Amino acid sequence: MKSMVYLAAALVMLGAKPAAASSQAGGSVPATVAQPIVLHAARLFEVVPGRIVSPGEVLVEGGRIEAAGTSVPHPAGAKVIDLGDMTLMPGLIDAHVHLFLHPAPPSEGMQTVDESAPQRTIKAVLAAKSDLMAGFTSERDMGTEGAGPADAAVRDAIDAGDIPGPRLRISGMAISILGGHEDAVGFNPEQHVLGNADYANDSEQLIETIRKQHKEGASFAKIYVTGPDRMVPAGSAPCLGDPICKQLGIGEEPGDPGFWDFHTTYQYTEDQLKAAVNEAARLNTNVGVHCQGEPAARLAVEAGVSSIDHATQLSQGTMTLMKQKDIPAVPTFVIFKYFADHAPDSAAARREYAMLDYKIHEFKRQVAAGVPMAVGSDVGPFPHGTQAQEFELMVKYGMTPLAVLQADYLNGARILTWENRVGQLKPGYLADVVAVPGNPLQDITRVEHVQFVMKGGVVYRGGGAE
Ligand SMILES: [Zn+2]
Numbered sequence: 086m087k088s089m090v091y092l093a094a095a096l097v098m099l100g101a102k103p104a105a106a107s108s109q110a111g112g113s114v115p116a117t118v119a120q121p122i123v124l125h126a127a128r129l130f131e132v133v134p135g136r137i138v139s140p141g142e143v144l145v146e147g148g149r150i151e152a153a154g155t156s157v158p159h160p161a162g163a164k165v166i167d168l169g170d171m172t173l174m175p176g177l178i179d180a181h182v183h184l185f186l187h188p189a190p191p192s193e194g195m196q197t198v199d200e201s202a203p204q205r206t207i208k209a210v211l212a213a214k215s216d217l218m219a220g221f222t223s224e225r226d227m228g229t230e231g232a233g234p235a236d237a238a239v240r241d242a243i244d245a246g247d248i249p250g251p252r253l254r255i256s257g258m259a260i261s262i263l264g265g266h267e268d269a270v271g272f273n274p275e276q277h278v279l280g281n282a283d284y285a286n287d288s289e290q291l292i293e294t295i296r297k298q299h300k301e302g303a304s305f306a307k308i309y310v311t312g313p314d315r316m317v318p319a320g321s322a323p324c325l326g327d328p329i330c331k332q333l334g335i336g337e338e339p340g341d342p343g344f345w346d347f348h349t350t351y352q353y354t355e356d357q358l359k360a361a362v363n364e365a366a367r368l369n370t371n372v373g374v375h376c377q378g379e380p381a382a383r384l385a386v387e388a389g390v391s392s393i394d395h396a397t398q399l400s401q402g403t404m405t406l407m408k409q410k411d412i413p414a415v416p417t418f419v420i421f422k423y424f425a426d427h428a429p430d431s432a433a434a435r436r437e438y439a440m441l442d443y444k445i446h447e448f449k450r451q452v453a454a455g456v457p458m459a460v461g462s463d464v465g466p467f468p469h470g471t472q473a474q475e476f477e478l479m480v481k482y483g484m485t486p487l488a489v490l491q492a493d494y495l496n497g498a499r500i501l502t503w504e505n506r507v508g509q510l511k512p513g514y515l516a517d518v519v520a521v522p523g524n525p526l527q528d529i530t531r532v533e534h535v536q537f538v539m540k541g542g543v544v545y546r547g548g549g550a551e
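Just remember that my numbering sits 85 ahead of the position in the sequence shown, which is counted from 1.
Written out as structure tokens, the structure is:
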């Protein structure tokens, strides 16, 4: 049984289709969904043309979309679900989540040390349900943060239909360097407190770790490429003295005087990141990164990672390259706002809000520069199921509702390597459909009020499911 699960996971990573792919991405489809379902609502969002049509209908059969538009065939015996004054949309995608983290304000607390992997797995199961009920039908889990490969068990249980949750791309543990961003620095060395990531210090270790995680069921690799971060006095240009910055010509460009108010340490060289990206490609998958700023952002983009997550600081050259290579930034605003709003004292609040302000400022430059975006919230340290706020913040700080939704569905699906499967209401796509009251193109906060959730043709919320 166990070997079958691993075999299925391996086949999926190697791109086997269709049986293994539907098992991993679609989950087993209960017999009840063999009955065709017609969803009807006042409106339907068409992602690529970027418009709302009225009314909206979707025909679902066998877990997939058969037809979608203003009207669809109503086969004999089809179940019709009339959702009234709502907008039908594809299931939401969160490109950056942590099912294995829960809120412990003001930060993440000591949960990864205090709580056992089984305890954390139970909470992850509950988190997966909360995310799904909020309308997120596809997610990329960016690391269990000390719970080993336990996310594989959660994904497999979801795929088997045993527990409710989104389709998951999982990394197992993230990867970081000894003494680096996710290591347990500052504890009594005699206690040998482990970090929240698997250690890899060079190309060989990166390759070995990616192979080990693949064996344990990971579907992509997550690497911490920056940290620790700090705000520094304006004009101190911390990157200027760094030989790698010099080599890349980063930090010498004129422009925003506040640009270098943020400093973060890079963790891997470009060659090391290329080794990781190549190994992931050999396994038919990709590499996601935690990347706050330069020069790591340039190194990661040159190496060809799937997206730049957090993307707090990007140089002009890096932004141009991201546009050329179509590598999205994933701003993760909600987590920064949550930490600022829950700071333990006024000094910490000042620091956190300074970081958020800096981030907003840089995001506006990125939008103006045409950097592709995707939507990822970093949910976990703030409550699961509330992460649709990310859409609202991305609009508040400079994107249109349409641009944010297209970024979520199209770039999100691509980052998760599920393009042509999720992110659109089109024939042949998996039947992941949500409905929100009102018109999300006029009011993006509508996505925070999902009232109907279908995944793979199975209704989890609304439409008579409750
Ligand atoms: Zn994260």
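For every residue, glycine included, the Cβ atom is placed at its ideal position computed from N, Cα and C.
In this text, all values refer to a predicted model and were calculated from it rather than measured experimentally.
Contacts around residue i, its chain only, beta-carbon distance under 7 Å, and the 5 residues preceding and following it disregarded
{"i": "P380", "result": "C324, D327, I329, C330, L333, I335, Y351"}
{"i": "D346", "result": "M316, V317, A319, Y443"}
{"i": "V278", "result": "V198, A269, F272"}
{"i": "S400", "result": "I335, E338, E379, R383"}
{"i": "Q474", "result": "V419, E533"}
{"i": "D411", "result": "P457"}
{"i": "K280", "result": "What sits at residue 280 in the sequence shown is Gly, not Lys. Counting only Cβ-Cβ distances below 7 Å, and skipping sequence neighbours, we find S261, E267, D268, A269."}
{"i": "A119", "result": "G147"}
{"i": "L487", "result": "G135, L526"}
{"i": "A453", "result": "none"}
Nonlocal neighbours in the same chain, by C-beta distance under 6 Å from residue i, ignoring five residues either side
{"i": "I122", "result": "V145, K164"}
{"i": "D493", "result": "I178, V460"}
{"i": "G547", "result": "Q536, F537"}
{"i": "T222", "result": "G176, P251, D517, K540"}
{"i": "Q355", "result": "The residue asked about is misnamed: residue 355 is Glu in this sequence, not Gln. Contacts found: L384, E387, A388."}
{"i": "M407", "result": "V386, V456"}
{"i": "G542", "result": "V118, V145, G148, A516"}
{"i": "G112", "result": "Interpretation of G112 is limited by its pLDDT of 42, a score under 50 that renders its predicted location unreliable; the figure taken from the coordinates is listed afterwards. Excluding positions up to five away in sequence, the list reads D244, G246, G541."}
{"i": "A434", "result": "A428"}
{"i": "T502", "result": "none"}
{"i": "A116", "result": "Bear in mind that a pLDDT of 42 at A116, under 50, signals an unreliable position, so the model cannot answer this."}
CB of residue i within 8 Å of CB of residue j, strictly
{"i": "S256", "j": "K300", "result": "no"}
{"i": "I260", "j": "A285", "result": "yes"}
{"i": "L124", "j": "I166", "result": "yes"}
{"i": "P191", "j": "A360", "result": "no"}
{"i": "M174", "j": "V519", "result": "yes"}
{"i": "P140", "j": "A161", "result": "no"}
{"i": "H469", "j": "D244", "result": "no"}
{"i": "E224", "j": "L253", "result": "yes"}
{"i": "A209", "j": "V239", "result": "yes"}
{"i": "F305", "j": "G373", "result": "yes"}
{"i": "L495", "j": "G483", "result": "no"}
{"i": "F424", "j": "E437", "result": "yes"}
{"i": "A180", "j": "G497", "result": "yes"}
{"i": "I207", "j": "Y514", "result": "no"}
{"i": "E142", "j": "H183", "result": "no"}
{"i": "Q357", "j": "L263", "result": "no"}
{"i": "V552", "j": "Q491", "result": "Because the chain spans 86 through 551 in this model, residue 552 falls outside it and cannot be assessed."}
Own chain, CB closer than 8 Å to residue i, minus 5 neighbours either side, in chain order
{"i": "H375", "result": "M227, A259, H266, K307, I308, Y309, V310, T311, G312, D394, H395"}
{"i": "I420", "result": "S462, D463, V464, P466, F467"}
{"i": "R531", "result": "T172, V521, P522, G523, N524, P525"}
{"i": "Q409", "result": "none"}
{"i": "Y545", "result": "L217, M218, P249, V538, M539"}
{"i": "W196", "result": "Trp is not the amino acid found at residue 196; the sequence shown has Gln there. So the list reads L186, H187, A189, R205, once near-sequence residues are dropped."}
{"i": "T510", "result": "The amino acid at residue 510 is misidentified as Thr; the sequence shows Leu. So the qualifying residues of the chain are L129, F130, E131, V132, V143, I150, A153, L173, M174, P175, V518."}
| message | Taking 5 Å as the limit, name every residue whose beta carbon sits nearer than that to some heavy atom of ligand 3, in sequence order. | response | Absence of ligand 3 is noted for the structure shown, with ligand 1 being the only ligands found.
| field | Sequence ranges, alpha helix (DSSP H) only - wholly within the region 409-470, length at least 4 | value | 418-426, 431-453
| message | Three or more C-beta pairs under 8 Å: does that hold for the region 380-395 against the region 153-173? | response | no
| message | Please give me, in chain order, every unbroken run of the alpha helix (DSSP H) with length at least 4 that falls completely inside the region 276-310. | response | 288-300
| request: Within the region 134-161, note down every full alpha helix (DSSP H) run reaching 4 residues or more, in order along the chain. | output: none
| said: I want to know whether the region 407-423 touches the region 456-470 - three or more CB-CB distances under 8 Å. | reply: yes
| said: Quick check for students: name the residue ranges of the beta strand (DSSP E) that lie wholly in the region 222-258, counting only runs of 3 or more. | reply: 252-255
| task | Could you name each continuous beta strand (DSSP E) segment of 3 residues or more that falls completely within the region 367-411, going from the start of the chain to the end? | result | 372-376, 392-395
| said: My parser needs the beta strand (DSSP E) runs of 3 or more residues fully inside the region 163-205; what are they? | reply: 164-167, 171-175, 177-182
| What are the start and end residues of each continuous beta strand (DSSP E) run of 3 or more residues lying completely inside the region 499-525, in chain order? | 518-522
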